[in-house]
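So the structure is just underneath, and the comments pick up after that.
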Amino acid sequence: MKYTFVFNPDLCSSCSSCVIGCMDQNDFDPESGDLPFRKTFQNEIELADGSHYSAYISAACMHCVDAPCIDACPVGCLSKDPETGFTVYDNTNCIGCKSCAMACPFGAPRYRKSDGKMVKCDGCNERVKAGLKPACVKACSFGALQCVPEEEFLAEGSAKACNVLIDQLGLRRK
Amino acid sequence: MNKYAIVGFGCAGYHAAEKIRSRDQEAVIDVYSDTDIGPYNPMLTTYFVKGSLPYEGMFPFGSLEECEKKLNLHIKKECPVTAVDGENRMICCADGTKEQYDRILLSTGASALKPPIPGLSLPGVFTMRTAEDAVRLKERIASGKLKTALVIGASWVGIKVVEDFVEAKVATTLVDGAPWMFYVAAFEETARRAKEDLEKKGVRVSLCQMLDHIEANADGTLTAFMKSGDTFTADTIGVCIGVRTNTGFLKDSGIAMNRGILVNSRMQTNLPGIYAAGDCVEAKDIQSGQPKNIGVWYNAGRQGEVAGENMAGGFMEFDANILVNLAHYLDYDFICVGDVSACGPEDEYYEYEDEKLYIKACKNGQKIKCINMIGSADANGVVKNIFIKTIETPEAEIDVKSVCYLLTNGFPEAFISFLRRK
Numbered sequence: 130m131k132y133t134f135v136f137n138p139d140l141c142s143s144c145s146s147c148v149i150g151c152m153d154q155n156d157f158d159p160e161s162g163d164l165p166f167r168k169t170f171q172n173e174i175e176l177a178d179g180s181h182y183s184a185y186i187s188a189a190c191m192h193c194v195d196a197p198c199i200d201a202c203p204v205g206c207l208s209k210d211p212e213t214g215f216t217v218y219d220n221t222n223c224i225g226c227k228s229c230a231m232a233c234p235f236g237a238p239r240y241r242k243s244d245g246k247m248v249k250c251d252g253c254n255e256r257v258k259a260g261l262k263p264a265c266v267k268a269c270s271f272g273a274l275q276c277v278p279e280e281e282f283l284a285e286g287s288a289k290a291c292n293v294l295i296d297q298l299g300l301r302r303k
Numbered sequence: 117m118n119k120y121a122i123v124g125f126g127c128a129g130y131h132a133a134e135k136i137r138s139r140d141q142e143a144v145i146d147v148y149s150d151t152d153i154g155p156y157n158p159m160l161t162t163y164f165v166k167g168s169l170p171y172e173g174m175f176p177f178g179s180l181e182e183c184e185k186k187l188n189l190h191i192k193k194e195c196p197v198t199a200v201d202g203e204n205r206m207i208c209c210a211d212g213t214k215e216q217y218d219r220i221l222l223s224t225g226a227s228a229l230k231p232p233i234p235g236l237s238l239p240g241v242f243t244m245r246t247a248e249d250a251v252r253l254k255e256r257i258a259s260g261k262l263k264t265a266l267v268i269g270a271s272w273v274g275i276k277v278v279e280d281f282v283e284a285k286v287a288t289t290l291v292d293g294a295p296w297m298f299y300v301a302a303f304e305e306t307a308r309r310a311k312e313d314l315e316k317k318g319v320r321v322s323l324c325q326m327l328d329h330i331e332a333n334a335d336g337t338l339t340a341f342m343k344s345g346d347t348f349t350a351d352t353i354g355v356c357i358g359v360r361t362n363t364g365f366l367k368d369s370g371i372a373m374n375r376g377i378l379v380n381s382r383m384q385t386n387l388p389g390i391y392a393a394g395d396c397v398e399a400k401d402i403q404s405g406q407p408k409n410i411g412v413w414y415n416a417g418r419q420g421e422v423a424g425e426n427m428a429g430g431f432m433e434f435d436a437n438i439l440v441n442l443a444h445y446l447d448y449d450f451i452c453v454g455d456v457s458a459c460g461p462e463d464e465y466y467e468y469e470d471e472k473l474y475i476k477a478c479k480n481g482q483k484i485k486c487i488n489m490i491g492s493a494d495a496n497g498v499v500k501n502i503f504i505k506t507i508e509t510p511e512a513e514i515d516v517k518s519v520c521y522l523l524t525n526g527f528p529e530a531f532i533s534f535l536r537r538k
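In order, the protein sequences belong to chains P and G. According to this note's numbering, the stretch in the first sequence is residues 130 to 303, in order. According to this note's numbering, the stretch in the second sequence is residues 117 to 538, in order.
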């Protein structure tokens, strides 16, 4: 069963519980300078008409259907998990060339200086395969972040899903 | 039963074969390769030399045999194509055989440029493009006999070869004919910073140096004589001055070409049934609207997919062709998005520098022309996508998430305003 991350910015307060969940799940050591895969943003942005928008956003890899990072990787580290549809990786042969970061419009792949390899959110692939929620989703108290089966997502036609953002950014192939 | 030919089996050829096979299980797919090794990425050669990657790692799709089996191909190894009869879609091989096809893909890639300058064939003078080039250099470095090296060409490959030598503690000099490094991509101010960084890391850099010829010395060293009158002596000399598309065999084919094969957004050439993809083509650059040869792995893969899909009866377009250069070497990141040569004194410039980040960008009215950034690696894709969107939909605002991302990652508000063309 394939899954889709759904984010509702109206329910997000940028409390960063999702970030803590990500850090905990992936054993990040903040003191080493290693950053979690998920990030939250809280910014006031001036819009084109001069009004202001208060943005509360939680973001990580969007697990694009046609993920450009996969094609960009010269050593084939990235792939789609056929079961979950998440963009996963095996960085054994990663050369740290940062081509995946260059391809990603969301800034999801990140260079890890300690071993010179790229890392990214894998959707908590193993958790989801085991029937659990991704750590960030589990940590979200407000229901702003969800991970739903693709069929459910398509049936709901949610206008707030991450994949709507992907469409807005023109990332689907013609 | 449809019969396809793929001439040249690198990234573009592999992706096209994969796409054709996914749409047409019965098709006969003949692959013509001038080597006996699997598709590989020329960019990986320097990583193999440095030891970041095992030899097998250069072949992300496996060996020719594995590709043949996986995609049910007929691979003709070490079978260079010498001519294409474009009107009749006929492939002519060096051994005299001829074969007609329903569809042909030309994906022959590019080769290291080796101009007819005296001395370039001397032992110890090398180029870096093929897996064989990489094996040879790795062995020479491993021998411990190289104490000094000269790299001619501050190109994307040249700088990686410099990195290989520095990592191996070989005293290295980098020379280039242009007045500053990365001349086709960098503003002068960006290049000056890159040069200073390289010099701090022990690399001697000399610019405005055009090669006249190379001579071998009695003690086994080589001397490069420059048109300026300067000379540079080293144990080995790398010539990394660019690439040339592998299209010589198409001279009388009737296929339209500039420096590369001209294609439309569906990767079709001017002749029906003949497609081209990868480093040998000139596809439309979305910034200038003109055909441009932009040879990067990502483009090759996507172009191969697009060609394969269209060859097999589908419809797909390649529309992301823009000049993007990424140099990552010796713990230094430089990216250029857009065409620096399109920038002039009449344009508006933005410049910013702090301890981690350097940005220089150029625009004219609503049109962003070029962005240089040093030290921005994780955000490169975000900025590149904003750049593309300003070309595709000039009236659109930058999406909120991208603005948040840049602000949170230390990009100044003034830069975002510049990108928003406010």
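From the three backbone atoms N, C-alpha and C, an ideal C-beta is built for every residue, glycine too.
Query, Result
"Please return the same chain residues whose Cβ sits closer than 8 Å to the Cβ of C356 of chain G, not counting the five positions on each side in sequence.", "A228, T243, M244, V267, I268, G269, S271, V273, G274, V277"
"Kindly indicate which three-state DSSP category C467 of chain G falls into: helix, strand or coil?", "First, the amino acid is wrong: residue 467 of chain G is Glu here, not Cys. Note: E467 of chain G maps to strand in three-state DSSP."
"If we define contact as Cβ-Cβ less than 7 Å, is Y240 of chain P a contact residue for chain G?", "yes"
"Need the endpoints of the alpha helix (DSSP H) that V282 of chain G sits in, please.", "272-283"
"I'd like the list of long-range same chain contacts for F271 of chain P, defined as Cβ closer than 6 Å, with 5 residues on each side in sequence excluded.", "L140"
"Helix, strand or coil for V194 of chain P per DSSP?", "coil"
"Who pairs with R320 of chain G in a beta bridge, going by DSSP?", "G:T289"
"So that I know if they touch, is there some Cβ in chain G lying closer than 7 Å to that of C233 of chain P?", "yes"
"Measuring straight from C-alpha to C-alpha, what distance separates L236 of chain G and K311 of chain G?", "26 Å"
"Looking at the C-beta of M159 of chain G, does it have a partner C-beta in chain P at a distance below 7 Å?", "yes"
"Mind checking who F136 of chain P pairs with in its DSSP beta bridge?", "P:L274"
"What are the residues of the segment 266-277 of chain G that lie near chain P, defined by any Cβ-Cβ distance shorter than 8 Å?", "none"
"For a contact meaning CB atoms closer than 9 Å, what does P176 of chain G contact in chain P?", "C202, P203, V204, G205, C206, N222"
"For the pair the segment 416-428 of chain G and the segment 122-142 of chain G, tell me if three or more CB-CB distances fall below 8 Å.", "yes"
"Apply the 10 Å Cβ neighbour rule to T161 of chain G and answer buried if 16 or more other Cβ atoms are within range, or exposed otherwise.", "buried"
"Around the Cβ of I451 of chain G, are there at least 16 other Cβ atoms within 10 angstroms (buried) or fewer (exposed)?", "buried"
"Pop quiz: R239 of chain P and K249 of chain P are said to be a contact at Cβ under 8 Å. What is the actual Cβ separation, rounded to whole angstroms?", "7 Å"
"Taking the C-alpha atoms as reference points, what is the distance between C486 of chain G and A443 of chain G?", "16 Å"
"Any beta carbon of chain P sitting closer than 7 Å to that of C486 of chain G?", "no"
"Are there three or more Cβ pairs, one per stretch, closer than 8 Å when the segment 451-469 of chain G is compared with the segment 430-437 of chain G?", "no"
"On the three-state DSSP scale, how would you describe D249 of chain G?", "helix"
"Three or more C-beta pairs under 8 Å: does that hold for the segment 166-180 of chain P against the segment 191-204 of chain P?", "no"
"For the segment 443-501 of chain G, which segments carrying the beta strand (DSSP E) assignment without a break, of at least 3 residues, lie completely within its bounds, in sequence order?", "448-454, 464-469, 474-480, 483-490"
"In this structure, how does DSSP classify A332 of chain G when only helix, strand and coil are distinguished?", "strand"
"Please work out which residues of its chain come closer than 6 Å, Cβ to Cβ, to N386 of chain G, disregarding the five sequence neighbours upstream and downstream, and give them in chain order.", "A372"
"Would you mind telling me which residues of chain P sit closer than 9 Å to L523 of chain G, beta carbon to beta carbon, in chain order?", "F170, N172, I174"
"Spell out a yes or no on whether the segment 157-172 of chain P and the segment 207-218 of chain P are touching, meaning 3 or more CB-CB pairs, one atom from each, closer than 8 Å.", "no"
"So G417 of chain G contacts chain P; which residues on that side make the cut at Cβ distance below 7 Å?", "D200"
"I need the straight-line Cα distance from K214 of chain G to C208 of chain G, nearest angstrom please.", "5 Å"
"Under a three-way DSSP split, which group does M297 of chain G fall into?", "coil"
"Just to make sure I have the definition right: I need the residues of chain P whose C-beta is within less than 8 Å of the C-beta of N496 of chain G. Which are they?", "K227, A230, M231"
"Does the CB of G150 of chain P have a neighbour CB from chain G at under 7 Å?", "no"
"Would you tell me roughly how many angstroms separate the C-alpha atoms of G240 of chain G and L338 of chain G, rounded to the nearest one?", "8 Å"
"Hey, quick one: how far does the beta strand (DSSP E) through A184 of chain P stretch, first residue to last?", "181-188"
"Is I268 of chain G helix, strand or coil when you go by DSSP?", "strand"
"Can you name, in chain order, every residue of its own chain whose Cβ lies under 6 Å from the Cβ of M297 of chain G, other than the five neighbours on each side?", "A270, A307, A310, K311"
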